[in-house]
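In my numbering, the protein residues as written are 239 to 368.
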């Protein structure tokens with residue numbers, strides 16, 4: 239199946255997106271997004287600050303649920319709230335965003351899937367430069 243790479247049919251800079259098989263752009267990585275979000279949950283003080291330093295934005299994430307989760311973590315950090323899977327889920331639920339974020343299962347999977355936070359800089363680059 240051939241589909242536009244970006245959900246809105248345009249690339250990050252407004253140019254037409256490359257067409258790919260199965261609707262996935264060749265240069266984007268859901269696994270990098272998942273690994274980065276998991277690292278943000280595992281070590282929010284360090285990794286969230288690193289995402290800011292590197293200029294990562296919500297729009298850099300391809301998967302809509304990942305965008306919601308990233309926004310939640312960033313807003314929680316900006317308001318000095320404790321961040322872990324439980325507090326993130328409560329924050330999302332309070333704002334009626336839990337379903338849009340994939341629910342408790344996705345958030346739990348992100349946290350459980352963290353292998354190392356030391357690869358976060360690489361994942362930030364992969365997500366940002368996709």
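Glycine included, each C-beta is placed from N, C-alpha and C at the ideal position.
| field | Exposed unless 16 or more other CB atoms sit within 10 angstroms - verdict on residue 344 | value | Numbered from 1 along the chain shown, position 106 holds the residue referred to as residue 344. By the neighbour-count rule (16 or more Cβ atoms within 10 Å), residue 344 is buried.
| residue 283 versus residue 289: straight-line alpha-carbon distance, rounded | What you label residue 283 is simply residue 45 of the chain shown in a count that begins at 1. What you label residue 289 is simply residue 51 of the chain shown in a count that begins at 1. Going from the Cα of residue 283 to the Cα of residue 289 covers about 10 Å.
| field | residue 279 to residue 352 span [Cα, whole Å] | value | As a first step, residue 279 must be located in the chain shown, where it is residue number 41. As a first step, residue 352 must be located in the chain shown, where it is residue number 114. About 9 Å.
| message | When you compare the stretch 323-334 with the stretch 296-304, are there three or more beta-carbon pairs, one atom per stretch, that lie closer than 8 Å? | response | no
| field | DSSP state of residue 338 mapped onto helix, strand, coil | value | For the purposes of this step, residue 338 is identified with residue 100 of the chain shown, where counting begins at 1. Correct three-state label for residue 338: coil.
| query | CB residue 326 to CB residue 342, shorter than 8 Å? | reply | Working through the chain shown from its first residue, we reach residue 326 at position 88. Working through the chain shown from its first residue, we reach residue 342 at position 104. No, Cβ-Cβ distance for residue 326 and residue 342 is not below 8 Å.
| task | Please check the pair residue 323 and residue 349, which I expect to be a contact at CB under 8 Å, by giving their CB distance rounded to whole angstroms. | result | Translated into positions along the chain shown, residue 323 becomes position 85. Translated into positions along the chain shown, residue 349 becomes position 111. Contact flag correct, Cβ pair sits at about 4 Å.
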